[in-house]
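Report on the structure given below.
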Amino acid sequence: MRKRKWYIILIVSIIIVFILIYNITSYYFDYKKDLELKKELEQIEKYDFDTLKKINQDIVGYIEVKNTNVSYPIVKSSDNSYYLNHSYDKEKNNVGSIFLDYRNDLENLSRNNIIYGHGRLDKSMFGSLNNLLEKDWLSNKDNYYITVTTPNKIMTFKIFSVYTIDKESYYIKTYFSSNKYFKDFLETIMKRSIYNFGTDVNTTDKILTLSTCKNDFGKRIVVHAKLLKKEETS
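If you count the sequence shown from 1, position 47 lands on 37 in the working numbering, and the numbers rise without skipping.
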């Protein structure tokens, strides 16, 4: 009986070791692929959408967040799951991509426009949004700006709310049936913020929402910003 028990423990231990080896190996190759893609991106002009579209027609924009590592193409699919494990060139990769909610359109903004990305420990993708929770980052008002560029325009957004929260669907609403519901939404996400950015919002504003996983299991880092200006480029 005891011999059988140890045999079972041995088998389970071997399985666990193989799973760990597989996960570490997968992480390494995904990380390596991500570095290669970053090098490729460095060779491309950030806003050269002719070249970017040749890589992938799903590329709809480019995002940059001040004083973070966020500088990536934005992709969009017909759902919110494909780019969780595909890179912007459509290759399978658990690093994923920075992607727009399938319900949104950067050329015709909704009241709430959501962009997702994994919160990687190496600070890639949306991993460096952790910076926004730090006092040093928050104390510099020059950091409060997000630039989103599309083939037709450059949009500047100003951050007005940052917080962490358990996984939920409230902050990723894109449709509001009335100004009252949208006003209630804005008041709620303003109250959640860990910091007072001193920026007013109202029901005429277009909102950009960034969502990523925090290192804590099940937690999300959420960033909300309002459209400040829009410049047509074509």
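Think of the CB as a built atom: it goes at the ideal place given N, C-alpha and C, for glycine as much as any other residue.
Values in this document were obtained by computation on a predicted structure and should not be read as measured data.
Give the DSSP bridge partners of residue i, in chain order.
i, result
"GLY109", "MET115"
"ILE197", "ASN102 and LYS216"
"TYR72", "Answer by DSSP bridge pairing: none, since TYR72 is not bridged."
"VAL50", "DSSP, once it has assigned bridges, lists no residue as partnering VAL50."
Determine the direct distance from the alpha carbon of residue j to that of residue i, and round the result to whole angstroms.
i, j, result
"LYS204", "ASN121", "12 Å"
"TYR160", "TYR106", "15 Å"
"LEU176", "ILE88", "24 Å"
"LYS44", "SER129", "40 Å"
"LYS82", "THR41", "21 Å"
"LYS170", "SER100", "16 Å"
"TYR92", "LEU119", "22 Å"
"THR140", "LYS209", "30 Å"
"LYS163", "ARG182", "16 Å"
"SER61", "VAL152", "19 Å"
"THR194", "LYS220", "15 Å"
"ILE226", "LEU90", "Nothing about residue 226 can be read from this structure; the chain reaches only from -9 to 224."
"THR146", "ASP112", "27 Å"
"ASP20", "TYR78", "Caution applies to ASP20, whose pLDDT of 49 falls short of 50 and renders its modelled position unreliable; the value that the coordinates give is listed next. Their backbone Cα atoms lie some 13 Å apart in a straight line."
"VAL65", "TYR37", "14 Å"
Could you check what DSSP says for residue i in three-state terms: helix, strand or coil?
i, result
"ASP174", "helix"
"THR41", "helix"
"ASP132", "helix"
"TYR165", "coil"
"TYR153", "strand"
"ARG93", "coil"
"ILE211", "strand"
"ASN59", "coil"
"LYS36", "coil"
"ILE88", "strand"
"TYR78", "coil"
"ILE184", "coil"
"LYS66", "strand"
"LYS143", "strand"
"LYS204", "coil"
"ASP20", "Caution applies to ASP20, whose pLDDT of 49 falls short of 50 and renders its modelled position unreliable; the value that the coordinates give is listed next. Three-state result, ASP20: helix."
Around the Cβ of residue i, are there at least 16 other Cβ atoms within 10 angstroms (buried) or fewer (exposed)?
i, result
"THR178", "exposed"
"LYS131", "exposed"
"THR202", "buried"
"TYR73", "buried"
"ASP48", "buried"
"LYS216", "buried"
"ASN98", "exposed"
May I ask whether a heavy atom of the ligand SAM can be found less than 7 Å away from the beta carbon of residue i?
i, result
"ASN98", "Judged by which ligands are present, the structure shown has none, so any question about the ligand SAM falls away."
Please look up how many angstroms separate the CB atoms of residue i and residue j, rounded, as I've assumed it's under 8 Å.
i, j, result
"ILE136", "PHE187", "Contact flag wrong, Cβ pair sits at about 13 Å."
"ASN142", "THR223", "6 Å"
"LYS115", "VAL138", "At residue 115 the sequence reads Met, which differs from the Lys that was named. MET115 to VAL138, Cβ: 16 Å. No contact."
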